[in-house]
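Engineer: Take this structure, written in structure tokens, and hold onto it; I'll ask about it next.
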Amino acid sequence: MKKLLFISLLILVLVGCSSSHKKSSEESQPWHNYNVEMLKKALVHHPDFPNLQPDEKPVEREDIIYSSKFDIIPHQQDVSDKQIEREVTSASYFITLIKEQGNDTSYWKYQYFPLNDEVILVDLD
């Protein structure tokens, strides 16, 4: 009987922890709204790119295709009193600018830091 009670409690705890983690990530999702800032900062370093918008599909100009890609890599959430501070510190934000011309493809990958509103080049080709 004790084993059955222990197993039931263990299952209840595991299910409860799983659902609360899912709920917190769903609630925090709307705070991931850095695409506009990231794109503006990254394009400062690339005046050859046309004006791209965060929700825009690739744009063709004289056989050159310009596009951008956004990546968010969540981290384990930090404990904080303020929702915005918790969200800002809970993910890494990346933007990749892509320029395709014929068979040549170039890209520049930047990491965005929302707390100080800056981008740093992390990879290029």
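Each position in the sequence shown, counted from 1, maps to that position plus 29 in this note's numbering. Think of the CB as a built atom: it goes at the ideal place given N, C-alpha and C, for glycine as much as any other residue.
Pop quiz: Tyr95 and Lys128 are said to be a contact at Cβ under 8 Å. What is the actual Cβ separation, rounded to whole angstroms?
Structural biologist: 6 Å
Engineer: Per DSSP, what kind of secondary structure is Lys156 in: helix, strand or coil?
Structural biologist: No statement about residue 156 is possible, as the shown extent of the chain runs from 30 to 154 and does not include it.
Engineer: Considering Cα atoms alone, identify which of Pro83, Ile93, Pro87, Tyr63 is closest to Asp133.
Structural biologist: Ile93
Engineer: Report all residues from its chain with a CB closer than 7 Å to the CB of Ser135; omit the five preceding and five following residues, and keep chain order.
Structural biologist: If you ignore the 5 residues before and after Ser135, its C-beta comes within less than 7 Å of the C-beta of Lys128, Asp154, all in its own chain and listed in chain order.
Engineer: With a threshold of 6 Å on Cβ separation, who are the neighbours of Asn64 within its own chain once the five nearest residues in sequence on each side are excluded?
Structural biologist: Pro83, Phe99
Engineer: Less than 8 Å between C-beta atoms, sequence neighbours within five positions excluded: which residues of the same chain meet that for Pro143?
Structural biologist: Here the set comprises Tyr63, Glu66, Val117, Tyr122.
Engineer: Between the Cα of Leu150 and those of Ile40, Leu81, His75, spot the shortest distance and give me the residue it belongs to.
Structural biologist: His75
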